[in-house]
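Numbering (our numbering), first residue to last: 583 to 938. As structure tokens, the structure follows; a few thoughts come after it.
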Amino acid sequence: MRRVLLRLGAFLFALAGIVSAQSGNLDIYWIDVEGGAATLIVAPSGESLLYDAGYAVDDRDAKRIHAVTQQAGLKKIDAFVLSHYHGDHVGGLPALAKMIPIDRFFDHGDVVEEVDRERLEIYRKVAGGKRTTVMAGDVIPLKGVQVQVVASDAAFIAKPLSGGGPNPICATAERKAPAAPENGRTIGALFTYGKFKFLDLADLDWANEMALTCPINKLGTVTIWQADRHGSLHGAGAPALLGAIKPQVIVVNNGPRKGLGQVDKNARSLTHPALQNVSPSYSYEKIAKLPGVEDIWQGHLSLLTDREHNTSDNLIANFGETPECQGHWIKASVAPDGRFTITNGRNGFSKTYRAR
Numbered sequence: 583m584r585r586v587l588l589r590l591g592a593f594l595f596a597l598a599g600i601v602s603a604q605s606g607n608l609d610i611y612w613i614d615v616e617g618g619a620a621t622l623i624v625a626p627s628g629e630s631l632l633y634d635a636g637y638a639v640d641d642r643d644a645k646r647i648h649a650v651t652q653q654a655g656l657k658k659i660d661a662f663v664l665s666h667y668h669g670d671h672v673g674g675l676p677a678l679a680k681m682i683p684i685d686r687f688f689d690h691g692d693v694v695e696e697v698d699r700e701r702l703e704i705y706r707k708v709a710g711g712k713r714t715t716v717m718a719g720d721v722i723p724l725k726g727v728q729v730q731v732v733a734s735d736a737a738f739i740a741k742p743l744s745g746g747g748p749n750p751i752c753a754t755a756e757r758k759a760p761a762a763p764e765n766g767r768t769i770g771a772l773f774t775y776g777k778f779k780f781l782d783l784a785d786l787d788w789a790n791e792m793a794l795t796c797p798i799n800k801l802g803t804v805t806i807w808q809a810d811r812h813g814s815l816h817g818a819g820a821p822a823l824l825g826a827i828k829p830q831v832i833v834v835n836n837g838p839r840k841g842l843g844q845v846d847k848n849a850r851s852l853t854h855p856a857l858q859n860v861s862p863s864y865s866y867e868k869i870a871k872l873p874g875v876e877d878i879w880q881g882h883l884s885l886l887t888d889r890e891h892n893t894s895d896n897l898i899a900n901f902g903e904t905p906e907c908q909g910h911w912i913k914a915s916v917a918p919d920g921r922f923t924i925t926n927g928r929n930g931f932s933k934t935y936r937a938r
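If you want it as structure tokens, here you go:
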């Protein structure tokens with residue numbers, strides 16, 4: 583029955599596109615959880631989906647998420663997707679669930695390493711009987727928006743989505759050993775609203791990105807890519823992935839000293855000898871030089887690298903260290919025709935794009 587309902591969601595989405603034109607905007611909020619993850623999607627229908635819930639620390643992240651739900655006019659969260667059982671993704675959930683009702687929960691199942699078992703049990707206690715375990719190929723119901731699960735529990739979609747196909751970059755692509763198992767079990771999802779596509783692969787690592795794009799690019803191209811592993815791209819951001827999905831805009835959900843600019847020594851030791859002494863600027867340079875990328879938006883100024891290896895000030899939501907941080911968000915508002923505007927919650931700066 584579970585799989586029937588998930589497949590039915592995909593059918594109803596397609597039917598809605600045939601019967602009537604979509605109206606209203608799709609809103610996406612990247613909520614500042616200091617280098618954790620919490621992305622709120624509000625469909626034109628008014629239904630909502632929260633992807634991860636940040637850290638537990640002093641209920642800070644739960645309060646920030648709740649504040650954004652109130653700004654968005656929500657009385658409940660219709661769906662919560664937990665990408666994986668790490669503290670920067672599930673930590674804020676127990677407190678948040680006391681602040682606002684959550685109708686349904688989606689996760690990759692109960693297979694975890696012993697180190698992650700406590701967080702699994704915390705999640706199970708909050709979700710109760712409202713859990714659904716999703717597999718690659720499933721569709722998470724969100725009225726008016728297609729939410730395609732492309733990865734879950736270390737398995738990936740079998741057939742390429744629209745725009746996918748053979749990936750010539752794979753022939754010479756660098757390969758790396760997989761990261762810790764729980765990152766590899768991450769739920770990755772592609773959100774589609776007309777011409778607009780948003781890809782959130784959470785903490786998938788280099789090896790798993792390759793599984794999605796080599797030898798066949800199963801994802802097609804995307805409009806916005808939320809940088810994997812918070813922008814720590816020594817062990818993620820495989821060139822075979824980036825060259826395949828061709829992101830138009832990149833959003834980095836980093837912290838002041840996490841993600842972008844962070845030198846991942848474990849990942850670095852696995853890479854090509856020429857990169858053994860790679861600098862903190864490596865991750866930013868990798869995405870800044872990508873052909874076709876119009877802009878990079880950052881949750882935080884990275885204090886781990888020099889100023890020139892961050893995006894422009896207007897596209898950065900937060901500048902200070904964590905104790906002084908006010909938790910400003912970044913928001914994308916997407917019109918039915920593919921035009922979308924991204925706004926910086928710190929200064930109100932906006933820029934409008936058209937999905938390619």
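Glycine residues also receive a C-beta, built at the ideal position from the N, C-alpha and C atoms.
The continuous alpha helix (DSSP H) containing aspartate 643 extends over residues 642-653. Three or more Cβ pairs drawn from the segment 903-923 and the segment 768-779 lie within less than 8 Å of each other, which places the two stretches in contact. Ranked by Cα distance from isoleucine 613, the options Gly927, Thr934, Pro723 and Phe931 are led by Gly927. Shown here, tyrosine 611 sits in a strand according to DSSP, grouped into three states.
Among the bridge pairs identified by DSSP, arginine 686 is matched with Ala661.
The three-state secondary structure of valine 697, taken from DSSP, is helix. Between the alpha carbons of isoleucine 751 and isoleucine 827 lies a gap of roughly 12 Å. Membership of asparagine 835 in any beta strand (DSSP E) is not indicated, and neither H nor E is assigned to it by DSSP. Rounded to the nearest whole angstrom, the CA to CA distance from leucine 815 to glycine 841 is 8 Å. Three or more pairs of CB atoms, one per stretch, sit closer than 8 Å, so the segment 861-879 contacts the segment 829-846. Valine 639 and histidine 671 have their C-alpha atoms roughly 12 Å apart.
Here histidine 891 carries a helix assignment [DSSP, helix/strand/coil]. Every beta strand (DSSP E) stretch that sits fully inside the segment 726-807 and reaches 3 residues is listed by chain position as 728-734, 770-775 and 778-782.
If you draw a straight line from the Cα of glutamate 791 to the Cα of glutamate 903, it is about 31 Å long.
Excluding five sequence positions before and after lysine 712, the CB atoms of its chain that fall closer than 6 Å to its own CB belong to Arg686 and Phe687, given in chain order. Isoleucine 912 is bridged by DSSP to Trp612 and Asn926. DSSP places alanine 620 in the coil class of the three-state scheme, outside both helix and strand.
Looking at the DSSP output, isoleucine 878 bridges to Ile832. Here the alpha carbon of glycine 747 sits roughly 10 Å from the alpha carbon of threonine 803. About 11 Å separates the beta carbon of leucine 824 from that of leucine 801, a gap too long to meet the 8 Å contact definition. For serine 630, the pairing in a beta bridge is given by DSSP as Val624. When C-alpha distances from cysteine 796 are compared across Pro742, Trp807, Gly628 and Glu700, the shortest belongs to Pro742.
When the Cα atoms are used, glycine 636 and arginine 936 turn out to be separated by approximately 30 Å. For serine 932, the three-state secondary structure derived from DSSP is strand. Put simply, the backbone Cα of serine 734 is about 6 Å away from that of arginine 767. A Cβ-Cβ contact shorter than 9 Å links histidine 666 with aspartate 785. Boundaries cannot be given for isoleucine 722, as no beta strand (DSSP E) includes it and DSSP labels it neither H nor E.
Looking at the DSSP output, asparagine 900 bridges to His882. In the assembly as shown, valine 697 is an exposed residue. Its beta-carbon has fewer than 16 other beta-carbons within 10 Å. Valine 729 is a Cβ neighbour of leucine 772, given a cutoff of 9 Å. With 16 or more other Cβ atoms from the protein chains shown falling within 10 Å of its own Cβ, lysine 913 counts as buried. Within the same chain, and ignoring the five residues on either side of valine 875 in sequence, the residues whose Cβ sits closer than 8 Å to its Cβ are Pro829, Gln830, Val831, Ile832 and Ile869.
For arginine 706, the three-state secondary structure derived from DSSP is helix. Beyond the five residues adjoining it in sequence on each side, leucine 886 comes within less than 7 Å, by CB distance, of Arg839, Gly843, Gln844 and Pro862 in the same chain, given in chain order. Rounded to whole angstroms, the Cβ separation of proline 683 and isoleucine 704 is 18 Å, and the two are not in contact under 8 Å. Annotation for alanine 679: Val708 place their beta carbon closer than 6 Å to its own, counting only its chain and skipping 5 residues before and after.
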